[in-house]
Amino acid sequence: MKRPLQALLLLLSGLGLLHATLVTDDYLRYVKQGMHPLLVASGALLLVLGTAEAWSLWRPRAQDARQADTDTADTAETDTADTGAGTAPDGHGHDHSTPPRVAWLLLLPALSLLFYAPPAIGAYTASREAPKAVTVTDQDDFDPLPKTSPLPITLTDFTRRVQQDRDRAIDGRTVEMTGFVTPDKDTSAGGGGDSGDDGTTTTWYLTRAIFSCCAADAQFVKVRVHGTPPPPADTWVTLTGTWHSSGALGTGSAEAAVDADTVKKVPRPPNAYADALTPTR
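Throughout, this note's numbering is defined as the position within the sequence shown, counted from one, plus 5.
Have a look at this one:
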């Protein structure tokens, strides 16, 4: 690859990273928020390297050019006799100084950081993945629930309470959870599930994606929602409801599901890739 293309790639990659981290928050679609300082530093370093490479190509070389002309004039006759006129730069009749055209495709991911950020992972991926397994705990690990109603709770905590809390403290409590809408793949394909009076499916999933590091290791925690038609896929909502009785509460047979009372559309939270409580404004 020629040096001008290398310099251009470095500059575009650096600008793209800085745009995704300082101008927008697009980087949060792919990595955890804790990676922000490293991404900013990487973008700045790429920008410096690209600028240095470009400067080295543009700075005056008049003296070097004159010296090269002198050397060429002195040795032209000798070189012609030794190598033969018409010999290519590699000595074998082929010129390999031009990079392959496919190298220009490397510009596409660099440009995408500036002009088109791929969408965040959401319902399409979540509907094809099994729910994340919650950690197994002992009964003594559960703290008493606050008396607040509705009770703000994460999807993971709700699932643990439903399946592992032998005191069944979640029974009858109105909970409040936030996540994005994922269609129920089984029911949408004609399987089981609740149906409304018009025959439409009223079972769907409230979902949160969890990053350990980046989008490549994403896992999904899901809570099945009963009693209300699903909003459009990938819509972020806050719902209130009570545990949907299915199985024995406090055991692994209990389903992580709610009977929804209210469903309200909300903006995508800043902590979208962690199963955390959404800050109140």
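Note that beta-carbon positions come from the ideal geometry of N, C-alpha and C, so glycine has one too.
Just measuring C-alpha positions, the residue of 171, 38, 264 sitting nearest residue 208 is 264. Distance check between residue 186 and each of 236, 157, 153 places 236 closest, using alpha-carbon atoms only. For residue 121, no beta strand (DSSP E) run applies, since DSSP gives it neither H nor E. Beyond the five residues adjoining it in sequence on each side, residue 62 comes within less than 7 Å, by CB distance, of 8, 9, 12 in the same chain, given in chain order. Within the segment 235-274, the beta strand (DSSP E) runs of at least 3 residues that lie entirely inside it are, in chain order, 241-248, 262-270. Under the three-state reduction of DSSP, residue 177 is assigned to coil, being neither helix nor strand.
In the three-state reduction of the DSSP assignment, residue 184 falls in the strand class. The DSSP-derived three-state label of residue 155 is coil. With a cutoff of 8 Å on beta-carbon distance, residue 34 and residue 122 are scored as near each other.
Here DSSP, grouped into helix, strand and coil, assigns residue 136 to strand. When secondary structure is reduced to three states using DSSP, residue 163 falls in the helix class. Taking the Cα of residue 218 as reference, the smallest distance to any Cα among 23, 25, 32, 19 is reached at 32.
The bridge partners DSSP lists for residue 211 are 186, 228.
Among the bridge pairs identified by DSSP, residue 36 is matched with 219.
Distance from residue 49 to residue 19 at the Cβ level is roughly 7 Å; contact confirmed, criterion being Cβ atoms closer than 8 Å.
Around the beta carbon of residue 188, a 10 Å sphere encloses 16 or more other beta carbons of the protein chains shown; the residue is thus reported as buried.
In the DSSP assignment, residue 57 falls within the alpha helix (DSSP H) that extends over 41-63. Residue 238 sits away from residue 251, with the two beta carbons spaced by 8 Å or more. Looking at 280, 282, 283, 276, the one whose alpha-carbon comes closest to that of residue 39 is 276.
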